[in-house]
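Protein chains in written order, with the working numbering: chain A, 28 to 360; chain B, 28 to 360; chain C, 12 to 341; chain D, 12 to 341.
Following: one structure in structure tokens, then a few remarks.
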Amino acid sequence: MSQPDAKNDPVQRRLELSSNPVSRLERMMEIRLVEDRIQDLFAQGLVSGTTHTSQGQEAVAIALASATRPTDVVCCTYRGHGVALALGIKPESVLGEVLGRQIGCMGGLGGSMHLSDPDIGLLPTFAIVGAGTPVAVGAALQFATNQTDGVAVSVFGDGATNIGGFHEGLNLAAVWNLPAIFLCENNLYGEYSPIATTTAVTDITKRALAYDMAAETVDGQDVDAVLATIERAVDRARSGAGPTLIEAKTYRYVGHSRSDKATYRPEGELEQWLARDPIELFAAKLVANGELTEEGVQTIRQHQHDLIDVAAQTALASPPGSIPQMFAHVLAP
Amino acid sequence: MSQPDAKNDPVQRRLELSSNPVSRLERMMEIRLVEDRIQDLFAQGLVSGTTHTSQGQEAVAIALASATRPTDVVCCTYRGHGVALALGIKPESVLGEVLGRQIGCMGGLGGSMHLSDPDIGLLPTFAIVGAGTPVAVGAALQFATNQTDGVAVSVFGDGATNIGGFHEGLNLAAVWNLPAIFLCENNLYGEYSPIATTTAVTDITKRALAYDMAAETVDGQDVDAVLATIERAVDRARSGAGPTLIEAKTYRYVGHSRSDKATYRPEGELEQWLARDPIELFAAKLVANGELTEEGVQTIRQHQHDLIDVAAQTALASPPGSIPQMFAHVLAP
Amino acid sequence: MNQAITRAIADEMEQDPRVIVFGEDVAVAEGPFKTSEGLLATFGPLRVRDTPISETGFLGAAVGAAMTGLRPVTEIMFIEFMGVAFDQVVTEAALMHYLSGGRFEVPMVIRASVGSGLGFGCQHSQTLERWMLGTPGLKLAVASGARSAYGLTRAAIRDNNPVVILEPRSLYGEREDVDPGEQSIIELGTAEILREGADVTVLTLGQTVRVGLEAAESASWSGEVMDLRSLMPWDKKAVIDSVRRTGHLVIVEENQYTGGWGTEIASHVMAKAFSDLQAPVLRITAPDVPVPYGLALEQRFLPSPEYVTEQVAALLATKTAPEPWWEEFA
Amino acid sequence: MNQAITRAIADEMEQDPRVIVFGEDVAVAEGPFKTSEGLLATFGPLRVRDTPISETGFLGAAVGAAMTGLRPVTEIMFIEFMGVAFDQVVTEAALMHYLSGGRFEVPMVIRASVGSGLGFGCQHSQTLERWMLGTPGLKLAVASGARSAYGLTRAAIRDNNPVVILEPRSLYGEREDVDPGEQSIIELGTAEILREGADVTVLTLGQTVRVGLEAAESASWSGEVMDLRSLMPWDKKAVIDSVRRTGHLVIVEENQYTGGWGTEIASHVMAKAFSDLQAPVLRITAPDVPVPYGLALEQRFLPSPEYVTEQVAALLATKTAPEPWWEEFA
Ligand SMILES: Cc1ncc(C[n+]2csc(CCOP(=O)(O)OP(=O)(O)O)c2C)c(N)n1
Ligand SMILES: Cc1ncc(C[n+]2csc(CCOP(=O)(O)OP(=O)(O)O)c2C)c(N)n1
Ligand SMILES: [Mg+2]
Ligand SMILES: [Mg+2]
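What follows is the structure, given as structure tokens:
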């Protein structure tokens, strides 16, 4: 297991993922536990407003973080705790932001929908559906202009593929042949609406045909499969072969946001997906490979629990955002 | 040739097109002559501002008007004189609008970019690229809601397929299975930019794949071919089989707008297209079919010349828009 | 308030088959804020539809449907989302009547939830009247509770112009008795005096109506509290008449100081009633910062009744505009 | 003016390799209004690019490029086209610095042509400062000729915030001597007194600068004519200082009466300098109608120098705000 010190540095947290499969398991658990904890904090009345958690989608976040570098750029959505944690932001920093505390990654002024850290290339997560896609294209444009080998990733949902900004972003990236990856977390719903009622195609990858763009569909519950797919896209991007649209088929176990009980789901659907939980699948694989024992998995799980307990306490101990902070960063100097 | 009376009624002008091929030739000539005249009026300093003419694209406008009914709805662009004339608006009314005169189809308050007439289903032509596409979808929604067999058509250029509204409109029409037709006049340029520099596909019909939508490409210089294609789409729409994307490959002989000398065109390109002029092609076909003699074609041409002379005089004799008009239609009663 | 809105829409749908409803999750899920409960069941899927996440697509569709004979009522879940479809509102919907020489009408309604106070962060908490204010061809109204929401919504649906109605999100859950029916329809462009008073006119809108009322109730000064209700058009006569009586105007706004709707009122009233004013018009607003996250800070953002009470007292005492609380930070 | 803009961009590109330019037809065609002549040839295709018709796409790309180290200068051909990409300007670009706790900066410029007078019709002739005014995190400046365009453009490119610069379209062809170089850079947020005067402060912006100057030159009153130049932030001190000297403020605006930028100035100045004002602030604006087509009507829309001369005289004589010419039609 990794050192506490390393764990305290977002960049180190990120780098460890690429080299160590066990760390990928740990960190999927971390995401799950932090999001469960966020829901608790809301349930306890310690936070108002809303939050969008991603239980069930952890493999995509971890694969993304493992396949890219801290110097790459990611534009993610309001359902961003998982990606933020995977890219390296510490649990207390995510929890603190959700709680509006100064320890939060933006000092508690942004909240659950807006997580960021320039050190690991995470732009403030986007609360307006589709808005992050052209912004990621802009980051890719920067890499192309500076002729470095950076890659920019836009992470978004299935529902976001119906908004104009998505389309404009993909066309622009294709026309300019930019090092961009469009990573769709197709979790079958946009808010309460099943994809079929809002989206004229079932396979999001079909949308790449409109831009002569490379595209791949992948099982979003299999972290290794997602990792390999993203790595292919990253290679394409870094080598100047242009953008890729990736569709990861996945599922969120919980409702769209805090207040959603998800009663619109057909019976049995949730259970089917739970049976292919990405954390359990990966743990089983590591055990089967001999990289971990069943007991080892339990130890990791307990350790993560303990870490998140501490992180939550740390976050709760941090003071709330202050009045001077409200005024501090409206305009850059 | 049709009666002067009929010629004076936009609906009659429209209906005649569907039944009479010779009238289609006449009216293609009418469009060409009116637009040439508009350019003259600008050159003479009688109009300021800008205008976008469509010389070379007349077959698409005439085919559209021939394949649809006055009770259908059309949303067209700033390059709309041709479609407006084809759908039935009288030359003096188009010329008058460009001149800012009260005889203009919106009383001289709109100008070249905004032509309309509810009697023939033409909404005010859209000056914002892409804006008319979702609006046409709304008209199609109205037909679907009222369960009538009307059809709504969105006319737009190749460049417009890069803007978000286009994408959102197509997806919505597909998801709701609406009686809509998306008619792209692919004239190879958006302003001064050749399509390859702005658009990730060469064939606009590929964009229908993103919506599982029916699509057809057609030679835009062959009025009969365009007519047949639109008729198939109209049948599809009226019978409840959903929307269609049509791409008519065509060309504008002149620059994008008044001030554009179109120096960006490769040598010989214009000449190639002039050799397939839609009016000449169709005249030759009618002569070959025995529906007209060469002399008959000349007579029609001369007659159209005379009519446009009169129309221009009529428009110029009409008073300019008045101050009370400025205030008359800001809000509906 | 959400029930009153639902009822207003249902009452109009009942009477007029041209009225249709669409937006994100308004049909099957009955609205993210439960403002369309029962509409799908009552009026069926032809008249009540869920849309994709395509604000340009569905607002544009509303324009087209309205111009060809329907009367769409659409929902923008959070007013900020209008930003991705702004063109359809201010450049298409608003101008089509004018652009057709008066021959087309665009009878559509855009309902949008607005405002701070619920912890949604700076991209989901603004009121943004300023985006639309001044657009020729558009009407704009703001609900302040169940009663005004009912009356304004019905008026908006009957109007032959595009009307935007803003609904303070924090009031959806509040209950107030509403007497449904024609008599409760509120003419767009009319303000309402909610409390009479002699010393100062307190002009409020949306969520600040309750702030103004609370402030006036416990204050040493006698405030005439008005709910402006409509911003386009706005009730110039009622406001100026009241100011003529009281000699003072205080405007309580939820938005930032710069560019807020109160600048429109203040500059007009000062131009037209300059000699009637015993003191400058005072705008009580939020500071020029994004809406902060974190409940304590967010509550600080919105002017509180206590703060209004104090500021008005200072105005009346000194006949000059007191500095805002945030002056020291700005 | 177009040459001055080109020169300003070129001078900054020369000094700072992070500055890049993109927009519709700005590269090969050198700009629809010839504001980028020679840039592609000088700085090459990596730094000067044509975009598809995708305002959301390319303004969003500017946000992303700016946040990751470049300094994009983008062009919105007509300000109305910002309507299809409004979210990227007011909700993304403007808020990213705040939303990152100050850790990201968004040094980007959006240039847009604005204004009436050229016969483009109501969807291509507005100034629309009102769309952006009041947005925290955004700066907004307006050019009034070659000299201010040069100075403001360079300042905007150097600024670490998103800056919108509006360029009155009718002035592109006008020539004015500009002294290029650092000394000609104009600090954002500063107004300029173009003509001193004792009786009245005439505040102008963009295309109304020449209107105000012409009016003052032939008038019976002595006008202090100011070019406001920046709207966000705006030069409160300079304006109020001038008003303290003259006792009168007249604002000449190209926009409609309701919601125009002058409401911001008028309401602030009246609040802060109430006792110094001998008459209400007068806003001289266009009527509340879309910009009409047809040159005669369009010229009527924009306040003329003669009209300004008369209105100011009436204000000074009566100490009340005179009715606008369009009162009889409204
Ligand atoms: C422009 C815009 N419209 C609507 C919303 C409200 N909204 C937030 S999330 C969401 C659903 C998004 O669905 P999807 O893209 O599939 O992502 P998921 O939430 O499933 O991860 C909607 C409609 C928004 N934030 N922005
Ligand atoms: C949103 C928007 N962006 C830019 C423009 C400026 N503009 C007007 S026409 C045009 C080119 C459109 O090209 P295309 O769609 O191919 O139609 P065409 O003019 O060739 O008929 C552009 C960029 C506009 N009117 N609206
Ligand atoms: Mg989804
Ligand atoms: Mg074209």
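In this text, a Cβ means the ideal position worked out from N, Cα and C, and glycines have one as well.
- Of the residues Glu25/C, Leu182/C, His279/C and Leu205/C, the one whose Cα lies closest to the Cα of Ala123/C is Leu182/C.
- Each of Gly184/B, Asp185/B, Gly186/B, Asn214/B, Tyr216/B and Gly217/B has a C-beta closer than 6 Å to some heavy atom of ligand 4; these make up the full list, in chain order.
- Neighbourhood of Gly135/A in chain C, by CB distance below 8 Å: Tyr304 and Gly305, in chain order.
- By a beta-carbon distance limit of 8 Å, Val292/D contacts Met281/C. Their separation comes to about 7 Å.
- If you draw a 10 Å sphere on the C-beta of Asp299/D, you find 16 or more other C-beta atoms in it, and that means buried.
- Within the chosen limit of 8 Å, ligand 3 does not reach the beta carbon of Glu35/C with any heavy atom.
- Cβ-Cβ distances below 6 Å link Leu199/A to Val164 in the same chain, with the five nearest sequence neighbours on each side left out; the list follows chain order.
- With a cut-off of 8 Å, the C-beta of Ser81/B is classified as near ligand 2, since at least one heavy atom of the ligand falls inside that distance.
- For the region 134 to 165 of chain B, residues whose beta-carbon sits nearer than 9 Å to a beta-carbon of chain D comprise Gly135, Leu136, Gly137, Gly138, Ser139, Met140, His141, Phe153, Ala154, Ile155, Val156, Gly157 and Ala158.
- Sequence-ordered contacts of the region 107 to 121 of chain D with chain A read Met107, His108, Tyr109, Leu110, Ser111, Gly112, Gly113, Arg114, Phe115 and Glu116 [C-beta pairs closer than 7 Å].
- Assigned with DSSP and collapsed to three states, Leu236/A falls in helix.
- With a cutoff of 9 Å on beta-carbon distance, Glu275/C and Thr274/D are scored as near each other.
- The count of Cβ pairs closer than 8 Å, one atom from the region 49 to 59 of chain C and one from the region 91 to 104 of chain C, stays below three, leaving the stretches out of contact.
- In the three-state scheme derived from DSSP, where H, G and I count as helix and E and B as strand, Ala275/B is classed as strand.
- Proximity to Arg259/B across Asp287/B, Cys102/B, Ala242/B and Pro97/B peaks at Ala242/B, based on C-alpha coordinates.
- Just so you know, the alpha carbons of Val39/C and Leu73/A end up roughly 31 Å apart.
- Proximity of chain C to Asn198/B at the Cβ level (cut-off 9 Å) is accounted for by Pro63, Ser65 and Gly68, in chain order.
- Taking a 10 Å sphere around the C-beta of Leu57/D, we find fewer than 16 other C-beta atoms and assign the residue as exposed.
- DSSP places Pro151/A in the coil class of the three-state scheme, outside both helix and strand.
- Under the Cβ criterion (8 Å, minimum of three pairs), the region 21 to 35 of chain D counts as touching the region 82 to 102 of chain D.
- According to the DSSP assignment, Ala241/A belongs to the beta strand (DSSP E) that extends over Ala241 to Asp246.
- The nearest non-hydrogen atom of ligand 3 is less than 8 Å from the C-beta of Glu212/A.
- For Thr104/B, the pairing in a beta bridge is given by DSSP as Phe153/B.
- Cβ contact annotation for Ser120/B (same chain, cutoff 7 Å, sequence separation greater than five): Ile130, Gly131 and Cys132, in chain order.
- Not one heavy atom of ligand 2 falls within 8 Å of the beta-carbon of Tyr105/A.
- Shown in chain order are the members of the region 89 to 111 of chain A whose Cβ falls below 9 Å from a Cβ of chain D: Val100 and Cys102.
- Taking 9 Å as the threshold, the shortest C-beta distance from Ile31/D to chain A falls below it.
- Counted as a single uninterrupted DSSP element, the alpha helix (DSSP H) harbouring Ser46/B occupies residues Pro37 to Ser46.
- Less than 9 Å separates the beta-carbon of Val87/B from that of Gly109/B.
- Residue pairing for Asp287/A: DSSP places it in no beta bridge.
- Among the residues of the region 133 to 150 of chain C, those with a Cβ less than 8 Å away from any Cβ of chain B are Pro147, Gly148 and Lys150, in the order of the chain.
- In this structure, ligand 2 has a non-hydrogen atom nearer than 8 Å to the beta-carbon of Phe92/D.
- The secondary-structure analysis by DSSP pairs Ser124/C across a beta bridge with Glu178/C.
- Around the Cβ of Asp98/C, a 10 Å sphere holds 16 or more other Cβ atoms; the residue is buried.
- Shown here, Met243/D sits in a strand according to DSSP, grouped into three states.
- When 7 Å is used as the limit between beta carbons, Ala268/A is near no residue of chain C, the shortest such separation being about 30 Å.
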